[in-house]
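Residue numbers (our numbering), protein chains in the order written: chain A, 4 to 211; chain B, 4 to 211. Yeah, the Cβ is synthetic: ideal placement off N, Cα and C, and Gly gets one too. These figures come from a predicted structure and were not determined experimentally. Reviewing the structure listed below.
There are 2 protein chains.
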Amino acid sequence: MSHTPGVRQARKRKTRQALLDAALGLLEEQSLSSLGLREVTRAVGVAPTAFYRHFRSTADLGAALVEEALGSLHPTIRTIVSSVGDSDLRTARAVELIAGHVAAHPAHVRFVARERHGGVQPVREAIREQLDLFADEVRAALAKDQVSAGWSDDDLLMLAHLYVDQMLITASLFLDALEASEEERQRVTRAATRRMRLIGIGREHWLD
Amino acid sequence: MSHTPGVRQARKRKTRQALLDAALGLLEEQSLSSLGLREVTRAVGVAPTAFYRHFRSTADLGAALVEEALGSLHPTIRTIVSSVGDSDLRTARAVELIAGHVAAHPAHVRFVARERHGGVQPVREAIREQLDLFADEVRAALAKDQVSAGWSDDDLLMLAHLYVDQMLITASLFLDALEASEEERQRVTRAATRRMRLIGIGREHWLD
DNA sequence: CAGTTGTGGCAACAGTCGTTCACTGACTCT
DNA sequence: AGAGTCAGTGAACGACTGTTGCCACAACTG
Numbered sequence: 004m005s006h007t008p009g010v011r012q013a014r015k016r017k018t019r020q021a022l023l024d025a026a027l028g029l030l031e032e033q034s035l036s037s038l039g040l041r042e043v044t045r046a047v048g049v050a051p052t053a054f055y056r057h058f059r060s061t062a063d064l065g066a067a068l069v070e071e072a073l074g075s076l077h078p079t080i081r082t083i084v085s086s087v088g089d090s091d092l093r094t095a096r097a098v099e100l101i102a103g104h105v106a107a108h109p110a111h112v113r114f115v116a117r118e119r120h121g122g123v124q125p126v127r128e129a130i131r132e133q134l135d136l137f138a139d140e141v142r143a144a145l146a147k148d149q150v151s152a153g154w155s156d157d158d159l160l161m162l163a164h165l166y167v168d169q170m171l172i173t174a175s176l177f178l179d180a181l182e183a184s185e186e187e188r189q190r191v192t193r194a195a196t197r198r199m200r201l202i203g204i205g206r207e208h209w210l211d
Numbered sequence: 004m005s006h007t008p009g010v011r012q013a014r015k016r017k018t019r020q021a022l023l024d025a026a027l028g029l030l031e032e033q034s035l036s037s038l039g040l041r042e043v044t045r046a047v048g049v050a051p052t053a054f055y056r057h058f059r060s061t062a063d064l065g066a067a068l069v070e071e072a073l074g075s076l077h078p079t080i081r082t083i084v085s086s087v088g089d090s091d092l093r094t095a096r097a098v099e100l101i102a103g104h105v106a107a108h109p110a111h112v113r114f115v116a117r118e119r120h121g122g123v124q125p126v127r128e129a130i131r132e133q134l135d136l137f138a139d140e141v142r143a144a145l146a147k148d149q150v151s152a153g154w155s156d157d158d159l160l161m162l163a164h165l166y167v168d169q170m171l172i173t174a175s176l177f178l179d180a181l182e183a184s185e186e187e188r189q190r191v192t193r194a195a196t197r198r199m200r201l202i203g204i205g206r207e208h209w210l211d
């Protein structure tokens, strides 16, 4: 007890995080299915064998990256979806929040967009699970809105998935425009906002 | 002249097509960036060196696959978008056509969905170019529709991209449901149809 | 029928890869 | 303070990779 415990765990978590960060960096120019175990350890500066102390395989590392990229996103989703105000104002804030998240975590966004349909099945499934959770949270929030009065649960979930997919598409567009001019980024913002607005209009007239 | 010419070219095209087919098969369980040159030639049954007679690299092969998967799709796009009749009937036919295409060419669909955001930049760009062409064709068809009277060109292109993205998402959903039950496939059909319908409703009330 | 063209095969190059085993040495518990 | 735990090391394994130069031989040209 006099010995300060946790030094071990702290060091382990540190190199584990270093492996995750290095992998995320390497994945900017390739897919997970071509990411080599040695490649990652070389980038960190540890022996290849050290990798096994943290992950069973690169697919396992991919699953951890999914958790890191999407697991911490639930509060943000709730913020977007439970904001109050005019419909157009809400979509504008949503697009703005997405743009901010892409600017703050570009590698995470790239990873999810790339591996959502990527070549590693367990990772695809992990992403799908997280996105389904997002959709269900969006559905729950939509259900509380007065605009959704009279909607079936099926239709609510349909709209929720439509919104989630649209968030991902928007994020991907912002990612492509990250290194472009400010003008180009404004164009993306306007296009994404109009997309969202059209869906919102369709929502308002769904029960006609 | 007495010699029947073209035997050479025919053989070359044949092995080239065999390489493309083998690659497409191998890409069902991995991404293009991890596809090996030798892996493809081994699957076909030719020497690794023969690969260079047809492609400079696996990225070049990927570009050829984009052409094969999307280049021949333009007539289908035009069929979908220029069909006449009631709005709901048109979306129903569109979803049906997409389902048929996925059933007929599942590997092509998987390839495009996977490599659209994949790790090989030239292939990403080739896919983007083709999809932009699709969007412009859809935009042109939308412009001829009386519902689009008063729309700006910018908004038309926005809607066209929304439709194209929705086609891809729908195709990907059908792909996942390919080996599922008939019941599950019907669920996907209904969900995709309702998505399209909601966008159509948004379109009708866009200028309100 | 000669001469040219070009698809494909063979062998070899220097690397890279994932995985194993026994090992060190700093931290942790009793 | 002594025994035990365990993150990280180093060497070695067999297999695989992209790419090269050279050669064979069938198909085309005149």
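Can a CB atom of chain A be found closer than 8 Å to the CB of residue i?
i, result
"Gly-205(B)", "yes"
"Gly-74(B)", "no"
"Ser-37(B)", "yes"
"Ala-146(B)", "no"
List, in order along the chain, the chain B residues whose C-beta lies closer than 9 Å to that of residue i?
i, result
"Thr-194(A)", "The question names Thr, but residue 194(A) in the sequence shown is Ala. Result: Asp-157, Leu-160, Met-161, His-164."
Which residues in chain B sit within 7 Å of residue i, going by Cβ to Cβ distance?
i, result
"Trp-209(A)", "Leu-201, Ile-204"
"Arg-197(A)", "Asp-158, Met-161"
Using DSSP with H/G/I as helix, E/B as strand and the rest coil, what is residue i?
i, result
"Leu-210(B)", "coil"
"His-57(B)", "coil"
"Gly-74(A)", "helix"
"Gly-48(B)", "coil"
"Ser-151(A)", "helix"
"Gly-9(A)", "coil"
"Glu-32(B)", "coil"
"Met-4(B)", "In this predicted model, Met-4(B) has a pLDDT of only 42, less than 50, meaning its place in the structure is not dependable; the value taken from the coordinates is given anyway. The answer is coil: DSSP assigns Met-4(B) none of H, G, I, E or B."
"Glu-140(B)", "helix"
"Ala-213(B)", "This structure cannot settle anything about residue 213(B), because the visible part of chain B is limited to 4 through 211."
"Leu-38(A)", "coil"
Quick one: does residue i have its CB under 8 Å from some CB of chain B?
i, result
"Glu-32(A)", "yes"
"Arg-117(A)", "yes"
"Met-4(A)", "Residue placement at Met-4(A) cannot be trusted, given a pLDDT of 43 that sits under 50; what the coordinates show is reported in the next sentence. Not closer than 8 Å to any Cβ of chain B, the Cβ of Met-4(A) fails to qualify, so no."
Residue i versus chain A: which residues are under 7 Å apart at the beta carbon?
i, result
"Ser-175(B)", "His-120"
"Ile-172(B)", "Asp-168"
Is residue i close to the ligand ADP? I mean its beta-carbon at under 7 Å from any heavy atom of the ligand.
i, result
"Thr-94(A)", "The ligand content of the structure shown is nil, which means the ligand ADP is not present either."
Taking one C-beta from the segment 30-50 of chain B and one from the segment 179-198 of chain A each time, how about it: are there three or more such pairs within less than 8 Å? no
So within the segment 84-131 of chain B, which uninterrupted alpha helix (DSSP H) runs reach at least 4 residues, ignoring any that extend past its ends? 90-107, 109-118
Do three or more CB pairs link the segment 73-80 of chain B to the segment 131-151 of chain B at distances below 8 Å? yes
Do three or more CB pairs link the segment 91-104 of chain A to the segment 91-98 of chain B at distances below 8 Å? no
contact_flag[the segment 100-119 of chain A, the segment 164-178 of chain A] where n(CB pairs < 8 Å) is 3 or more: yes
If you pair each beta-carbon of the segment 119-129 of chain B with each one of the segment 115-132 of chain A, do three or more pairs fall below 8 Å? yes
Would you call the segment 52-69 of chain B and the segment 139-147 of chain A in contact, with 3 or more CB pairs under 8 Å? no
Contact the segment 153-168 of chain A vs the segment 59-70 of chain B: 3+ CB pairs below 8 Å: no
For the segment 166-173 of chain A against the segment 189-206 of chain A, are there 3 or more C-beta pairs whose distance is under 8 Å? yes
Would the segment 41-49 of chain A and the segment 9-22 of chain A be scored as touching if the rule is three or more Cβ pairs under 8 Å? yes
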